[in-house]
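Asker:
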Amino acid sequence: MTFGLTPEAQARIAAILARVERTLIDIQDAGAPELIIGKGILIVRGLTDGDRLVDTVVGGLGDIVAVIAASDLPAKEKREAVAVHQRELLKLFDGDPALVIERVHRQAWWRTFLDTLASRAEPPSLAQRLEALRTEARLSLAKLADETGAEGLTTRSIGRHLRGEAHPSLSNIRVYEQTFTRLLGRPITLTPPPPSARSPRKTTRRKTSSKRR
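The sequence shown runs contiguously to residue 241 in our numbering.
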């Protein structure tokens, strides 16, 4: 899956995956166990360096995260792209994936990436907010229609509003606000403030001069 990444970004990620795979193979080959039997003692030396394997995978994921973080993808798609490539890296790792994940979560670049996603997350849509309020109030569609008491808000129309198939009118939005405010016991606002309430515009009067002739 490309997730809308540019060809250059895709090529960089492919190169990182190939580099990690080669490095893991080199580490495993260099650390192949050698058995030595002498004087009744079995010695095993040259065991694979597990820390180096984990560090290689973690470093590769850090490089991939840097590529994805610098892209123009929305926050949700960035998170999905990182998750997919993390799974690809773990397939190359012949060990316990928990070791890699636990070390990734300790990295500063990982926390920075998550903080950036959180700050750029898209606000929930009106449909998502209505569905969340309905779930919190524990109402079925039919019960919500009864609670609104509005003729225009039928079970069918409310279902379309909550699925995002239709946008409620301003009057219906106000009915939703009043209904959920009453049911949940706190002020519910679904409409943005009017422009005049956001930032008052400064009006400048043009000066006119009248001269007597």
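Positions of the beta carbon are idealized from the N, C-alpha and C atoms, including for glycine. Quick caveat: nothing in here was measured; it's all calculated off a predicted structure.
From what residue to what residue does the alpha helix (DSSP H) around residue 158 run?
Answerer: Residue 158 sits at position 130 when you count from the first residue of the sequence shown. 154 to 165 is the span of the alpha helix (DSSP H), which, as asked, contains residue 158.
Asker: Below 8 Å, can you find three or more Cβ-Cβ pairs linking the region 181 to 197 to the region 150 to 159?
Answerer: Because the criterion of three Cβ pairs below 8 Å is met, the region 181 to 197 and the region 150 to 159 touch.
Asker: Pair every Cβ in the region 157 to 170 with every Cβ in the region 121 to 128, then say whether three or more of these pairs are closer than 8 Å.
Answerer: no
Asker: Just the Cα atoms here: how many angstroms apart are residue 89 and residue 135?
Answerer: Here residue 89 is taken as the residue at index 61 of the sequence shown, counted from 1. Here residue 135 is taken as the residue at index 107 of the sequence shown, counted from 1. Residue 89 and residue 135: Cα-Cα distance of roughly 11 Å.
Asker: Just verifying my parser: in three-state terms, what is the DSSP assignment at residue 117?
Answerer: As a working note, residue 117 is residue 89 in the sequence shown. Reduced to three states, the DSSP call for residue 117 is helix.
Asker: Name the residue from 46, 138 and 210 whose alpha carbon lies nearest to the alpha carbon of residue 94.
Answerer: In the sequence shown, residue 94 corresponds to position 66, counting from 1. Closest by alpha carbon: 138.
Asker: What do you get for residue 34, buried or exposed, if any count of 16 or more other CB atoms within 10 angstroms of its CB means buried?
Answerer: Residue mapping note: residue 34 aligns to position 6 of the sequence shown, counting from 1. Residue 34 comes out exposed.
Asker: Which value, in whole angstroms, describes the spacing of the CA atoms of residue 209 and residue 216?
Answerer: Locating residue 209 in the sequence shown gives position 181, counting from the first residue. Locating residue 216 in the sequence shown gives position 188, counting from the first residue. Whole-angstrom Cα-Cα distance: 5 Å.
Asker: Rounding to the nearest angstrom, what Cα-Cα distance links residue 151 and residue 104 in this structure?
Answerer: For the purposes of this step, residue 151 is taken as the residue at position 123 of the sequence shown. For the purposes of this step, residue 104 is taken as the residue at position 76 of the sequence shown. Linking residue 151 to residue 104 through their CA atoms gives a straight-line distance of about 12 Å.
Asker: On the premise that residue 183 lies in contact with residue 194, defined as a C-beta separation below 8 Å, what is that separation, rounded to the nearest angstrom?
Answerer: Residue 194 sits at position 166 when you count from the first residue of the sequence shown. Residue 183 sits at position 155 when you count from the first residue of the sequence shown. Not confirmed; about 13 Å, so no contact.
Asker: If you reduce the DSSP assignment to three classes, tell me which class residue 189 lands in.
Answerer: Here residue 189 refers to the residue found at position 161 when the sequence shown is read from its first residue. In this structure, residue 189 counts as helix in the three-state DSSP scheme.
Asker: What residues in its chain sit with their C-beta under 8 Å from that of residue 147, if we drop five residues either side in the sequence?
Answerer: In the sequence shown, counting from the first residue as 1, residue 147 sits at position 119. The beta carbon of residue 147 sits closer than 8 Å to no other beta carbon from its chain once the five residues preceding and following it are set aside.
Asker: Counting along the chain, where does the alpha helix (DSSP H) carrying residue 88 start and finish?
Answerer: In the sequence shown, residue 88 corresponds to position 60, counting from 1. 78 to 97 is the extent of the alpha helix (DSSP H) around residue 88.
Asker: Please go through the same chain and pick out, in chain order, the residues whose beta-carbon is closer than 7 Å to the beta-carbon of residue 145, but skip the five residues on each side of it.
Answerer: Locating residue 145 in the sequence shown gives position 117, counting from the first residue. So the list reads 103, 106 and 107, once near-sequence residues are dropped.
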